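K.L.:
Chains as they are written, first to last, in my numbering: chain A, 1 to 336; chain B, 1001 to 1089; chain C, 2001 to 2587.
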Amino acid sequence: MRKSNQLRVAVYALIAVHAVMLLGGFIAPYDYAVQNREYSFVPPTRIHVIDRLGHFHIHPFIYELRYDSPEDIEEGEQVYPLRFLIWGAEYKLAGLLPGRIHLFGVDEPARIFLLGTDQYGRDQLSRLLRGGQISLLAGLMAAAMSIGIGLLFGMVAGYYGRLADEAVMRLAEVFMVLPWLYLLLAVKGFLPLNLGPTRGFLLVTLVIGLVGWARPARLIRGIVLTAKERNYVIAARGFGASDLYIFRRHILPQTMAVVLTQATLLVTTYSLSEMTLSFLGLGVNEPVPSWGNMLASLQQYHVLTSYWWMFAPAFPAILVFWGYYTVANSLQEPTQ
Amino acid sequence: MRYALPAAANPLISLFGFSLAGLLSASMLVEVVIGWPGVGPLLLEAILARDVYVVISAVMLSSVLVIFGNLVADLLLGATDPRIRTGVS
Amino acid sequence: MTQFRVCRFSRTRFLIVPIAASLIAVTALLAITARAQADGELLTTNAEIGRAGGGLIVAQRIEPKTLNPVMALDIPSREVIWRMMADLVHINRQSQQTEPALAKAWKISSDGRRYTLTLRRGIRFSDGHPFDADDVVFSFQVYMDAKVGSPQRDLLLPGGKPIVVHKIDPYTVEFQLPQPYGPAERLFDSIAMLPRHILETNYKEGTFPETWQLNSRPEQIVGLGPFRLKEYVPGARVVLERNPYYWKSDRAGERLPYLERITFLFVGTDDAQVMRFQAGETDTINRISPDNYSALVKSQNGKYRLNDLGPGLEYNFIFFNLNDLNQKFPQISGKQAWFRDLNFRRAVSSAIDRPGIVRLVYGGRGTPLWEPVTPGNKLWLNSAVPKPPRNLDHARDLLKNAGFSWAQDGGLLAPGGERVAFSIMVAAGNASRVAMATIIQEDLRGLGIRIDIVPLEFRVMLDRVTQTFEYEAAIMGIASGDVDLNSDVNVWLSTGSTHLWHLHEVHPATAWEAEIDRLAQEQLISTQFKERKQLFDRIQELIADNLPIICLATPNILVAAKANLGNFRPAILEPYTLWNVEEFFWR
Chain A
1 MRKSNQLRVA VYALIAVHAV MLLGGFIAPY DYAVQNREYS FVPPTRIHVI DRLGHFHIHP
61 FIYELRYDSP EDIEEGEQVY PLRFLIWGAE YKLAGLLPGR IHLFGVDEPA RIFLLGTDQY
121 GRDQLSRLLR GGQISLLAGL MAAAMSIGIG LLFGMVAGYY GRLADEAVMR LAEVFMVLPW
181 LYLLLAVKGF LPLNLGPTRG FLLVTLVIGL VGWARPARLI RGIVLTAKER NYVIAARGFG
241 ASDLYIFRRH ILPQTMAVVL TQATLLVTTY SLSEMTLSFL GLGVNEPVPS WGNMLASLQQ
301 YHVLTSYWWM FAPAFPAILV FWGYYTVANS LQEPTQ
Chain B
1001 MRYALPAAAN PLISLFGFSL AGLLSASMLV EVVIGWPGVG PLLLEAILAR DVYVVISAVM
1061 LSSVLVIFGN LVADLLLGAT DPRIRTGVS
Chain C
2001 MTQFRVCRFS RTRFLIVPIA ASLIAVTALL AITARAQADG ELLTTNAEIG RAGGGLIVAQ
2061 RIEPKTLNPV MALDIPSREV IWRMMADLVH INRQSQQTEP ALAKAWKISS DGRRYTLTLR
2121 RGIRFSDGHP FDADDVVFSF QVYMDAKVGS PQRDLLLPGG KPIVVHKIDP YTVEFQLPQP
2181 YGPAERLFDS IAMLPRHILE TNYKEGTFPE TWQLNSRPEQ IVGLGPFRLK EYVPGARVVL
2241 ERNPYYWKSD RAGERLPYLE RITFLFVGTD DAQVMRFQAG ETDTINRISP DNYSALVKSQ
2301 NGKYRLNDLG PGLEYNFIFF NLNDLNQKFP QISGKQAWFR DLNFRRAVSS AIDRPGIVRL
2361 VYGGRGTPLW EPVTPGNKLW LNSAVPKPPR NLDHARDLLK NAGFSWAQDG GLLAPGGERV
2421 AFSIMVAAGN ASRVAMATII QEDLRGLGIR IDIVPLEFRV MLDRVTQTFE YEAAIMGIAS
2481 GDVDLNSDVN VWLSTGSTHL WHLHEVHPAT AWEAEIDRLA QEQLISTQFK ERKQLFDRIQ
2541 ELIADNLPII CLATPNILVA AKANLGNFRP AILEPYTLWN VEEFFWR
């Protein structure tokens, strides 16, 4: 695939994934915490167009699940057509607009589990969408914070030079030298234990962002050092422009290229950090899903070998990371 | 190969020094998943147990390791690249 | 000359045979009687007669910490130690009743305070040294010594006063109890008889708690059990070899054990254990998780045998922090107003889906519980205790009566107007309990209560529950050591050391706690089973009614062994599989 094609595909894929995540509450048929206790580790529901008697239905349908015993759950007799724009559980679109209409679903009491269920009978598709919101949002917010801090320190270090430069660079080195995961775990370990779900999530994001500001700071400092010596900056200073003005008007645009590249890379790294924390049990708490804690159940041998649909969160994650890396690569090309 | 390797060696060695920190983090995840009794699971358990001293020691140990790795990388760089050794700009 | 020689020769030859025969007979007779004396009075088991030979390989998840029976607290250590030790009176794990062991008979005085035990004669330790009453007196002295600090010391001090052990003659020992004690006979189980000739010096020097570690020399570890220590490879295995002086025999008179050795392998995780068993590398599994059990059932091929023994004695429960906090944690103290309300606890209990817990956490291989005595305890279970099914409406009614109300968005509001939300502390490594917490979280969401789950490492959690009291609610499990109430009495006595929800009570905090104290004391003193059962029944009723702990479920005991292992008779008392290891043989 040619580079430009790759880039286009990557951008489209990213936009698609983010759009889907944004509309997560609408697309998911169920609430992410509802447990259907008879349907533990049920495989994905099959959508049929041809019924048992061989008739073709234009309207796709599913069979209701019949529960005989924990080991024996099969498709029953009753046909339930797939319905669209159905009234269901309440959700908040993009966290702001409350809504109750879901993209698709089936009539009660049947259930449609397009990606199967987990140990507690929770619909994996709904959890995937909600988990995506959490993991991606954590990545974006942490990257924003990291870049923000990096910009601040980088500009101060690059512009004011000498003492400020030394101080900031040594501090940055401390943060760069420590293995990021160890540092993350150490900081998380000293935080209070039981915060509510939102505050817990924000704290996790804050911690991730705080740990990784050093690399963008170094790169920005480099840019600022060269930008500082440009003619127009010297001229502006000569005219008595305040530091703030120079930062805003002249230096900041110079750093944009680096900032953008760093941002795309950092989003993936921080998303992965959040997933790692949740995987280890130190991220968001139950019942809030994250791609990390959805994958954590695969550590058990019987889940790994028997319940293949639990791997589902890995694929959108891979897709998103590939998308961001490709974008980052093409952004880096001109500067190299 | 004879000519490519010396040219590639310089950034390779610097990268080695820098990547040690990342390797430690990555190895921690692998250790937890496969059950290898390394420093990674130790740190994880210490955090769940709120054992402050173990956390401090593990983080300190790993940073010393990374600093040492970077030192070795720098020395190796000096050893392999005569320009750096003699300080030619 | 020739004639003379022939005559004498034939005469001596004629006499040689009878003389040799009588010599042989006398030697044989002496040998037999000598052997009988060396044998001593053996206990004859009723098990199927097997054949000698072979070894047993058992996997352990964690390494034992010590080989000292007096100090051992953890299960892996006890598993190894008790294959090398023996006690005076033993509880048969299958019948759950006491039976003679090193003591072949005993008499109880009419006031129930004096037990006179008669020991078997001619028994030898694993190094050949004879066993007698001096060893018994010494063993009890060590167990009851406060400086040694055995975790089992409490059991030997009924009412806080020690039992007086007195040697009457080399094979008779008298035990004087300070007060009549109902479960006295069961006391003797798990008190190992120690070799005085080896340990007396250490005891007198005060180094007893450190003796008999894993790296001790095998000759030092001497006991009366079916096996003795052969070797220990750190991080790899412990190997025990057959004790030739063991005092049990089968019905054919063959001395037990049949097996030549037992190897305890340190394997690591449950999954690794199961995989090794499936590969045939180990011979028994002591405890299988429900998921692995189902997997083993599916891959059953006749090579091994799986046993679902039904409910054990473990009870899992959720409880609230009802301790006196003395202004230490104002946030928690505020919530204690809800926790102390019996209607609140009853509502929580009514909202919990216990069958769901059994289905999701134990794969259906478990039993829901409404009180701490499980159906596995056939002797003492009070089956009249009510078992109400999940009823959210009933829960809501209870809350309404207690002054709670609901906000617009469905959230529960306390009588004071604050939102009802609390955290549940669980042990991070225990997947079952974390799963129970998740299920309860969803259940209570139906009442409008928001729950946060706080996973913590086990020791830290225990610290918070017993020392700092910094928690709101917690989920724990207790595995009773014995069917008798006595083994768990410290949970129910208001002054008990494991009265988890409210420790360090100076006076019983509530009327029903005072009544439980009274009933428990009566129960301990009484020696009549019917009377004790009535008292214990009432205690169970009180617990189920007042809900100091809200019981959830108990898992079934799941074990497995190779199909050709004879005399494998697992039971629900620990150790589930190895309690009769001296009878095991390979078909």
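Glycine included, every Cβ here is placed at the ideal spot set by N, Cα and C.
Note that the structure is a prediction, hence the values are computed from the model and not measured.
Taking C/W2512 as the reference, give the member of C/I2539, C/H2499, C/Y2304 and C/V2506 with the closest Cα.
P.N.:
What you label residue 2512 of chain C is simply residue 512 of the third sequence in a count that begins at 1. The residue with the shortest Cα to Cα distance from C/W2512 is C/I2539.
K.L.:
Three or more C-beta pairs under 8 Å: does that hold for the stretch 2368-2385 of chain C against the stretch 2540-2554 of chain C?
P.N.:
These segments touch.
K.L.:
In angstroms, rounded to a whole number, what distance separates the CA positions of A/L181 and A/A312?
P.N.:
Along the first sequence, one-based indexing puts residue 181 of chain A at 181. Along the first sequence, one-based indexing puts residue 312 of chain A at 312. C-alpha separation (whole angstroms): 24 Å.
K.L.:
What are the complete beta strand (DSSP E) segments, minimum 3 residues, inside the stretch 226-266 of chain A?
P.N.:
none
K.L.:
When you compare the CB positions of C/L2088 and C/L2117, do they come within less than 7 Å of one another, or not?
P.N.:
The sequence position of residue 2088 of chain C within the third sequence is 88, counting from 1. The sequence position of residue 2117 of chain C within the third sequence is 117, counting from 1. Going by C-beta atoms, C/L2088 is nearer than 7 Å to C/L2117.
K.L.:
If the cut-off is 8 Å on Cβ atoms, which residues from the stretch 2439-2470 of chain C count as contacting chain B, listed in chain order?
P.N.:
P2455, L2456, E2457, R2459 and V2460
K.L.:
Answer yes or no: does any C-beta atom of chain C fall closer than 7 Å to that of A/Q35?
P.N.:
Here residue 35 of chain A refers to the residue found at position 35 when the first sequence is read from its first residue. By the rule that beta-carbons nearer than 7 Å mark a contact, A/Q35 touches chain C.
K.L.:
Where do the N-terminal and C-terminal ends of the alpha helix (DSSP H) with A/K188 fall, by residue?
P.N.:
As a position in the first sequence, residue 188 of chain A is number 188, starting the count at 1. Per DSSP, the unbroken alpha helix (DSSP H) holding A/K188 starts and ends at W180 to G189.
K.L.:
List the DSSP bridge partners of C/M2476.
P.N.:
Counting from 1 along the third sequence, the entry for residue 2476 of chain C is found at position 476. Answer by DSSP bridge pairing, in chain order: C/F2317.
K.L.:
Within its chain, find whatever has a CB closer than 6 Å to the CB of A/T268; leave out the 5 residues flanking it on each side and keep chain order.
P.N.:
Here residue 268 of chain A refers to the residue found at position 268 of the first sequence. Around A/T268, the same chain offers F321 and Y324 as residues with beta carbons nearer than 6 Å, after the five sequence neighbours per side are excluded.
K.L.:
Would a check of beta-carbon distances place A/Y301 closer than 7 Å to chain C?
P.N.:
On the first sequence, residue 301 of chain A is found 301 positions in, with the first residue counted as 1. Taking Cβ atoms only, chain C reaches closer than 7 Å to A/Y301, which makes this a yes.
K.L.:
Using the beta-carbon count (16 or more within 10 Å), is A/F84 buried or exposed?
P.N.:
Numbered from its first residue, the first sequence carries residue 84 of chain A at position 84. Counting Cβ neighbours within 10 Å, A/F84 comes out exposed, since fewer than 16 surround it.
K.L.:
Terminal residues of the continuous alpha helix (DSSP H) containing C/A2427?
P.N.:
Working through the third sequence from its first residue, we reach residue 2427 of chain C at position 427. C/A2427 -> not in any alpha helix (DSSP H); beta strand (DSSP E) instead, spanning A2421 to A2427.
K.L.:
Tell me which residues share the same chain as B/Y966 and place their Cβ nearer than 6 Å to its Cβ, disregarding the 5 neighbours each side in the sequence.
P.N.:
No answer is possible for residue 966 of chain B: the residues shown for chain B start at 1001 and end at 1089.
K.L.:
Any beta carbon from chain A within less than 7 Å of C/A2295's own beta carbon?
P.N.:
Translated into positions along the third sequence, residue 2295 of chain C becomes position 295. Yes, contact with chain A.
K.L.:
Taking just the CA atoms, how far does C/S2294 sit from A/L65?
P.N.:
Here residue 65 of chain A is taken as the residue at index 65 of the first sequence, counted from 1. Here residue 2294 of chain C is taken as the residue at index 294 of the third sequence, counted from 1. About 21 Å.
K.L.:
Under DSSP, the alpha helix (DSSP H) around C/F2338 begins and ends at which residues?
P.N.:
Within the third sequence, residue 2338 of chain C is the residue found at index 338, counting from 1. It is worth fixing the name first, because residue 2338 of chain C is Trp in this sequence and not Phe. Per DSSP, C/W2338 belongs to the alpha helix (DSSP H) from P2330 to R2340.
K.L.:
List the endpoints of the continuous beta strand (DSSP E) containing C/T2116.
P.N.:
The residue labelled residue 2116 of chain C in the question sits at position 116 within the third sequence. Taken as a continuous stretch (DSSP letters only), the beta strand (DSSP E) holding C/T2116 covers R2114 to L2119.
K.L.:
Strictly under 7 Å for the Cβ-Cβ distance: is B/R1085 near chain C by that measure?
P.N.:
In the second sequence, residue 1085 of chain B corresponds to position 85, counting from 1. No, B/R1085 lies away from the interface with chain C (no Cβ there is under 7 Å from its Cβ).
K.L.:
Could you give the distance in angstroms between the alpha-carbon of C/W2380 and the alpha-carbon of C/L2524?
P.N.:
Taking the first residue of the third sequence as 1, we reach residue 2380 of chain C at position 380. Taking the first residue of the third sequence as 1, we reach residue 2524 of chain C at position 524. If you take the alpha carbons of C/W2380 and C/L2524, they lie about 14 Å apart.
K.L.:
So with CB distances below 8 Å, who are the chain B contacts of C/A2402?
P.N.:
Taking the first residue of the third sequence as position 1, residue 2402 of chain C is located at position 402. Here the premise fails: no neighbours, minimum Cβ distance about 35 Å.
K.L.:
Assuming A/Y63 and A/G76 are in contact, meaning their beta carbons sit under 8 Å apart, how far apart are those beta carbons, in whole angstroms?
P.N.:
As a position in the first sequence, residue 63 of chain A is number 63, starting the count at 1. As a position in the first sequence, residue 76 of chain A is number 76, starting the count at 1. A/Y63 to A/G76, Cβ: 6 Å. Contact.
K.L.:
Using three-state DSSP, classify C/V2089 as helix, strand or coil.
P.N.:
Indexing the third sequence from 1 puts residue 2089 of chain C at position 89. Three-state DSSP puts C/V2089 in a strand.
K.L.:
Could you tell me whether the Cβ of A/V42 comes closer than 7 Å to any Cβ of chain C?
P.N.:
The count along the first sequence starts at 1 and reaches residue 42 of chain A at position 42. Taking Cβ atoms only, chain C never reaches closer than 7 Å to A/V42, which makes this a no.
K.L.:
On the three-pair Cβ rule with 8 Å, is the stretch 2158-2178 of chain C touching the stretch 2112-2126 of chain C?
P.N.:
In short, these stretches touch, since the Cβ pair count reaches three.
K.L.:
For C/A2347, which of helix, strand or coil comes out of DSSP?
P.N.:
Start at 1 with the first residue of the third sequence, and residue 2347 of chain C comes out as number 347. Here C/A2347 sits in helix by DSSP.
K.L.:
Name the residue from C/W2492, C/S2497 and C/H2502 whose alpha carbon lies nearest to the alpha carbon of C/Q2521.
P.N.:
Position 521 of the third sequence holds residue 2521 of chain C. Residue C/W2492 is the option with its Cα nearest to C/Q2521.
K.L.:
Report all residues from its chain with a CB closer than 7 Å to the CB of A/A236; omit the five preceding and five following residues, and keep chain order.
P.N.:
By one-based count along the first sequence, residue 236 of chain A stands at place 236. Correct list, in chain order: I246 and H250.
K.L.:
Could you confirm whether any beta carbon from chain C is found closer than 7 Å to the beta carbon of B/A1049?
P.N.:
As a position in the second sequence, residue 1049 of chain B is number 49, starting the count at 1. Judged by the 7 Å Cβ criterion, B/A1049 is in contact with chain C.
K.L.:
Going by DSSP in three states, B/G1040 sits in which element: helix, strand or coil?
P.N.:
By one-based count along the second sequence, residue 1040 of chain B stands at place 40. In the structure shown, B/G1040 sits in a helix (DSSP, three-state: H, G or I).
K.L.:
Mapping DSSP to helix, strand and coil, what is C/P2226?
P.N.:
Taking the first residue of the third sequence as 1, we reach residue 2226 of chain C at position 226. Three-state result, C/P2226: coil.
K.L.:
On the three-pair Cβ rule with 8 Å, is the stretch 2554-2563 of chain C touching the stretch 2288-2308 of chain C?
P.N.:
Touching, yes.
K.L.:
Output the distance between the C-alpha atoms of C/P2508 and C/L2156, rounded to the nearest integer angstrom.
P.N.:
Along the third sequence, one-based indexing puts residue 2508 of chain C at 508. Along the third sequence, one-based indexing puts residue 2156 of chain C at 156. If I take the Cα positions, the gap works out to 25 Å.
K.L.:
Would DSSP call C/V2238 helix, strand or coil?
P.N.:
For the purposes of this step, residue 2238 of chain C is taken as the residue at position 238 of the third sequence. Looking at C/V2238 - three-state DSSP - the assignment turns out to be strand.
K.L.:
DSSP three-state label for C/F2585, please.
P.N.:
Residue numbering aside, residue 2585 of chain C sits at position 585 when the third sequence is read from its first letter. Strand at C/F2585.
K.L.:
Buried or exposed: which applies to C/N2617, given that a residue is buried once 16 or more other Cβ atoms fall within 10 Å of its Cβ?
P.N.:
Past the edges of chain C, shown from 2001 to 2587, lies residue 2617 of chain C, and the structure says nothing about it.
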